[in-house]
Structures are given as C-alpha cells and as structure tokens.
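K.L.:
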Amino acid sequence: MYATSIATHAMPAEALRVAVDHAFAEARSCLIGCGSLAPFTIMCASDGYDIVEHHGRSARDIYRSVRDLLVREKPEAYAFVYDGFVDVDAGHTGALICEAACRGDAMARLMVLPYRAGAAYSFAESSICMGTVRSLFADVAR
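Per the numbering used here, numbering of the sequence shown is gapless, rising by one per residue and ending at 128.
1. Taking contact to mean at least 3 C-beta pairs separated by less than 8 Å, is the region 66 to 73 in contact with the region 82 to 97?
2. Closer than 8 Å is the cut-off here; do at least three beta carbon pairs connect the region 8 to 16 with the region 45 to 60?
3. Curious, which full-length beta strand (DSSP E) runs of at least 3 residues does the region 7 to 68 contain?
4. Taking the continuous beta strand (DSSP E) assigned at R89, which residues delimit it?
5. Run through the DSSP bridge pairs and tell me what F109 is partnered with.
6. Based on DSSP bridge pairs, tell me the residues matched to L82.
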C-alpha cells in the first residue's frame, strides 16, 4: 500500500504541514478500508514525499525501523503515524497519532485525531496538538 511518492515542492514548514495532512488522510482511509493501520512515516525531501510502512513485533522494533529510515534517508522532515489511544474530555478513545518534526528540531509536535470505532469509524473534525515529544531526529544525531 505504501512506498508511494507524492511529487511537490515546498519549504520545510509547509512541506511538513502537507505531510501531516496527508498522513491523517491516509491513516483514516486505512482504518475505514482495512480496519487496521500499519505504522508509517512520510518523509519530506527536496524532490517530494516518500511513504514507508514499518513492521515489527514491538514498539521498540517500530521505533528502530523509523530511526534507521531517518538515518539512511536524511529527510528534511518527517511525519510518523500510528494507531493508539488518548484520554480526551469524553474519556479514553482511539486516536491516530502523528509525530512530526523538521530536521534539526529537538522536539516534535504530537498531533492526534480521535476516533470512535463501531459499525463505522467516526473521526473528530480536526486533529488536536497534544504538545511536544523528543524528535526522532534527536536520536538520529547521536
């Protein structure tokens, strides 16, 4: 499903916004169409965007896969997306979670798109910024 290139040219901040928007759209489509989501990263480069799925038995395996990808490809920015859970005003709910950062950022933005699963998926109208986390670029630099 992934290993796609999205051709466009934009500055890093704009490219990252486009990557995050596309990541949430792609993740929504996967959940609706397949009922599950393999974690994936959208990398922003000067010649466009590349999407790469991550497979592993544990969160540690997935993390290593993303880190190795960033070391190998050296993108300008990344958006890493996975399925998880968050606590919101309405309680504990499913959420698409996206960590996004530009190269050189010590911290990444953590965006979530809450949803409810049932006979059909129901997504929040927009994503919510939950704050920041250590950027995966920070680990790549070590």
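Glycine included, C-beta positions come from ideal geometry on N, C-alpha and C. Given the structure is predicted, the values throughout are model-derived calculations rather than measurements.
P.N.:
Judging by the given coordinates:
1. These segments touch.
2. Between the region 8 to 16 and the region 45 to 60 there are fewer than three inter-stretch CB-CB distances shorter than 8 Å, so the stretches are not counted as touching.
3. You should have 26 to 31, 34 to 39.
4. Segment: none, R89 is in no beta strand (DSSP E) and carries neither H nor E.
5. By DSSP's assignment, F109 forms a beta bridge with Y101.
6. L82 pairs with D69, L99.
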